[in-house]
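So the sequence shown is residues 1 to 288, counted in our numbering. Ideal placement from N, C-alpha and C gives every residue a C-beta, glycine not left out. Just below is one structure, and these are the notes that go with it.
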Amino acid sequence: MARIDQRDARNADGAWFVDTRCIDCGTCRELVPELFADVGDQSVVAVQPAGPEAERRAWLAAEACPTQSIGRSPRTPRPSGLYPLAVDGPVFDLGHTSEASFGATSYLVLRPDGNLMVDAPRFTRSLTRPLDAMGGVTHILLTHRDDVADARRWAEHYGARVWIHHADRRAAPFATDVLHGREPVAITAGVVAIPVPGHTEGSVVFAVDDTWLFTGDSLAWSLRAQDLVAFRGACWYSWEEQTRSLGRLAETANFSWVLPGHGARVRLDPEHAHRRLLALVGRMRAVA
Ligand code: SF4
């Protein structure tokens, strides 16, 4: 619950506020950019929501926030059923991000042969109830070591298999399926794990039906640049490796959606996505 006694003074005047426990993960800004803004060391409410739809979107950010720093005063009941949030077709945003993964977004993908959870949110009954109704989770796909969060609890709850790359396995010793090397691996029909070392040594992206590409922290959309980006300042293993990995990805993967852990998501025309990824790799080489 947000702390009114810790309301940041830089919030716009009005009911909604961000408190000073914010860790500046950016999740609210990527999700609801029309209401939340960065003030350097944290996020604040830049524009107060006006009307029911804007209020609902503010609640989406509040329920996604890893530190529960977003609230309103006077309080009103939080709407139910905010998450899983439909993104596109079988893909849902699970909200409920974890401070352990610095607010990384996780996803649910509905599949006829067993649903996928891509990276893990906080374990909460607010999600188990709707996920039970949607068929539970069969596979938990971990993009890298930083976004494991409550994967163990989710796996235990659903008896799910857990996939992670060997190089990042220490973050998920409970994993049932370990990826090796750099060659793509088929997980189930239409679901492929593609190792992309760089952000971490064990980073992986997951491609679903040549349409949805779950990229962890290896590739994202920038609302500010309106382009694909990689995070030079948050590259923990090797920028040169990440550049090569994204170059291979550009040559081999087909996709139209980029769905990251951090940063914004985007849908592009597949040819456009391919060209933008090649251009990004060119920019990455220039600053290697
Ligand atoms: S989601 Fe929460 S912790 Fe992250 S930037 Fe927004 S207010 Fe801060």
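Mapping the DSSP letters down to three states, classify residue i as helix, strand or coil.
{"i": "A186", "result": "strand"}
{"i": "I23", "result": "coil"}
{"i": "A273", "result": "helix"}
{"i": "A234", "result": "helix"}
{"i": "R267", "result": "strand"}
{"i": "V287", "result": "coil"}
{"i": "R3", "result": "coil"}
{"i": "G136", "result": "coil"}
In the DSSP assignment, the alpha helix (DSSP H) including residue i goes from what residue to what residue?
{"i": "T200", "result": "Segment: none, T200 is in no alpha helix (DSSP H) and carries neither H nor E."}
{"i": "L246", "result": "239–252"}
Check the C-beta distance from residue i over to residue j and give it rounded, since I have them as a contact under 8 Å.
{"i": "L249", "j": "V205", "result": "7 Å"}
{"i": "R145", "j": "T200", "result": "5 Å"}
{"i": "A301", "j": "I140", "result": "In the structure as shown, the chain starts at 1 and stops at 288, and residue 301 therefore has no counterpart that could be examined."}
{"i": "Q48", "j": "A15", "result": "7 Å"}
{"i": "I164", "j": "A155", "result": "Rounded, the Cβ-Cβ distance is 11 Å, inconsistent with contact."}
{"i": "C235", "j": "G198", "result": "6 Å"}
{"i": "P195", "j": "G181", "result": "7 Å"}
{"i": "L223", "j": "V258", "result": "Wrong, their Cβ atoms sit about 13 Å apart, outside the cutoff."}
{"i": "G135", "j": "N115", "result": "5 Å"}
{"i": "L131", "j": "L108", "result": "7 Å"}
{"i": "D113", "j": "A186", "result": "Actually they do not touch by this definition, with Cβ atoms about 12 Å apart."}
{"i": "W59", "j": "P79", "result": "6 Å"}
{"i": "P121", "j": "E99", "result": "Their Cβ separation, rounded to whole angstroms, is 11 Å, which puts P121 and E99 out of contact at 8 Å."}
Where does the unbroken beta strand (DSSP E) through residue i begin, and where does it stop?
{"i": "W257", "result": "257–260"}
{"i": "L141", "result": "139–141"}
So, residue i versus residue j, is the Cβ gap smaller than 7 Å?
{"i": "V87", "j": "M117", "result": "no"}
{"i": "A46", "j": "A37", "result": "yes"}
{"i": "T27", "j": "T124", "result": "no"}
{"i": "V281", "j": "G233", "result": "no"}
{"i": "G261", "j": "D119", "result": "yes"}
{"i": "D24", "j": "Q42", "result": "yes"}
{"i": "G95", "j": "A2", "result": "no"}
{"i": "L228", "j": "R169", "result": "no"}
{"i": "A207", "j": "A160", "result": "no"}
{"i": "S245", "j": "T211", "result": "no"}
{"i": "V32", "j": "A62", "result": "no"}
{"i": "F17", "j": "R7", "result": "yes"}
{"i": "A172", "j": "L142", "result": "yes"}
{"i": "R283", "j": "T243", "result": "no"}
{"i": "W221", "j": "V266", "result": "yes"}
{"i": "V39", "j": "R57", "result": "no"}
{"i": "S101", "j": "I4", "result": "no"}
**Contained beta strand (DSSP E) runs [length at least 3] in the region 81–126, N- to C-terminal order** = As far as the region 81–126 is concerned, its whole beta strand (DSSP E) runs of at least 3 residues are 85–88, 91–93, 107–109, 116–118.
**Asked** Enumerated in chain order, which unbroken segments of the alpha helix (DSSP H) with a length of 4 residues or greater are wholly contained in the region 6–78?
**Response** Listed in chain order, the complete alpha helix (DSSP H) runs (minimum 4 residues) inside the region 6–78 are 27–31, 52–64.
**Asked** Considering only residues of the region 143–231, which uninterrupted beta strand (DSSP E) runs meet the minimum length of 3 residues and lie entirely inside it, listed in chain order?
**Response** Listed in chain order, the beta strand (DSSP E) elements of length 3 or more contained wholly in the region 143–231 are 161–165, 177–179, 185–188, 191–195, 204–208, 212–216, 220–222, 227–229.
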